[in-house]
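Written out below as structure tokens is the structure these notes cover.
Numbering (my numbering), first residue to last: 5 to 485.
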């Protein structure tokens, strides 16, 4: 989904209304319909179709209308918390208010399980400091959220108070970004307030083109995915070479190689040192070919399309690190460097190559680029400019930066992925997509999105636990891809 400021989308909406193709009331109806559809389709929202109660915090603008209209569409009992008398609502919001047929209350809501809390107080056009009664209602909303287990807070357009000086901000689990994603939602310090970004498209509203930066969503990733020819066979589906694993870290190699299989690679070859070979050969899925070497200098794979180095390699002797640098530098296709390969690159001062794809978490990024700017997007763009490579900077909102200047933010997944092995699965998926001919920046962005999306499906299937193991994410990948 495109990134654009509130003024840009407001101007585009006004142009739509002036054209006569759609009125503001009709556009609000379309937004409500798509929000309701998201509740039927999104794993993280589906439980709220049966919410015990919908609590709507409403200002006087059209954000209130979106929230009230969604509450009416869901048909659950509703509590309305107004920041102004109902008669002060916008005309379109008043029309949505008339649609409420379920039991209504305006009293302060009682905490409890199964609440759907909707933030429709203020939209992205609000500025200045949050004043009464909005500040008090934000505090009330956050307290209700904190006291209500197995409930969900959804902000419409943007969390109220985000980016407003000296103001409390709504702490949302999900923010439904309508028509475009506002830049302030992508700031490094905004993730905890914004939560999961849910892209709600508005194809009727024509925004000025801005192809350089996007937030990943289903239509964008789907537009990159090539169709396989009916005559495709394994040697045309991409050969992936994985160099990974060491005693004590065999799981990393297994997950990386098996993720490449799950992501559609035609052939996957896993190279391991002799001491790890017997254990890995016995445990890895039979579709993976496991090969034993005494030194990484022995690896020769001239017919492979992608190379992944790093998961579970451990601390490498200088000679072995040098052998892997040479392998990566002269490999004819995309090379994914992850985990211990990144540590070796930082420690040994590897010279970056344009065909490399680096996937650091924040600690690895600091080792690779000690003088990086504190702001993540600045650090990512400058790193890519220096090295001419492709970068996936991991985080709550992972940043994908390409040598061609394109920037993508990934919004899929969530805190239930905060455990070991997730990066190994990501590396395997990325190598598989690159081997199948995806351009490096698109393969990187699609792999990040697919792993996050698979985690969402696995999380829902497991009953929304605090954490989802990486192997469960791996098993959900085919459903996503």
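Think of the CB as a built atom: it goes at the ideal place given N, C-alpha and C, for glycine as much as any other residue.
In the structure shown, the three-state DSSP call for residue 59 is strand. Going by beta carbons, residue 380 and residue 403 fall inside the 8 Å limit.
Inter-residue distance for residue 221 and residue 41 is about 16 Å (C-alpha atoms, whole angstroms). Residue pairing by DSSP places residue 412 opposite 218 and 404 in a beta bridge. Every alpha helix (DSSP H) of 4 residues or more that sits fully in the region 256 to 312 is shown, in chain order, as 281 to 287. For residue 185, there is no enclosing alpha helix (DSSP H), as DSSP marks it with neither H nor E. Between the C-alpha atoms of residue 319 and residue 83 there is a straight-line separation of about 57 Å. Secondary-structure assignment with DSSP links residue 247 through a beta bridge to 275 and 313.
Counting only the Cα atoms, residue 11 lies some 41 Å from residue 466.
Collapsing the DSSP output to three states places residue 484 in a helix.
Distances from the alpha-carbon of residue 54 to those of 357, 117 and 484 put 117 closest. Apart from sequence neighbours up to five positions away, the residues of its chain that approach residue 50 with a beta-carbon distance below 8 Å are 43, 44 and 464, ordered along the chain.
Taking 4 residues as the shortest admissible run, the region 78 to 119 contains the following complete alpha helix (DSSP H) segments, listed from N- to C-terminal end: 95 to 101. Of the residues assessed, residue 307 falls on the exposed side of the cut-off, its CB having fewer than 16 other CB atoms within 10 angstroms. Within the region 116 to 181, complete beta strand (DSSP E) segments of at least 3 residues are found at 119 to 124 and 156 to 160, given in chain order.
Around the beta carbon of residue 108, a 10 Å sphere encloses fewer than 16 other beta carbons of the protein chains shown; the residue is thus reported as exposed. By the Cβ criterion, the region 276 to 286 is not in contact with the region 455 to 462, since fewer than three pairs of Cβ atoms, one from each stretch, lie closer than 8 Å.
In this chain, the alpha helix (DSSP H) harbouring residue 463 covers 444 to 465.
In chain order, 73 place their CB closer than 8 Å to the CB of residue 33, counting only its own chain and leaving out the 5 sequence neighbours on each side. Around residue 203, the same chain offers 5, 181 and 221 as residues with beta carbons nearer than 6 Å, after the five sequence neighbours per side are excluded.
It is roughly 11 Å from the alpha-carbon of residue 159 to the alpha-carbon of residue 62. According to DSSP, residue pairing for residue 203 in a beta bridge involves 181. Considering only 208, 48, 213 and 166, the residue with the shortest C-alpha distance to residue 195 is 166.
The beta-carbon distance between residue 152 and residue 115, rounded to whole angstroms, is 5 Å. This is short enough to meet the 8 Å contact definition. Counting every other CB atom within 10 Å of its CB across the protein chains shown gives residue 64 a total of 16 or more, marking it as buried. Within the model, the alpha-carbon separation for residue 94 versus residue 447 is close to 45 Å. Distance from the CA of residue 316 to the CA of residue 81, rounded to the nearest whole angstrom, comes to 51 Å.
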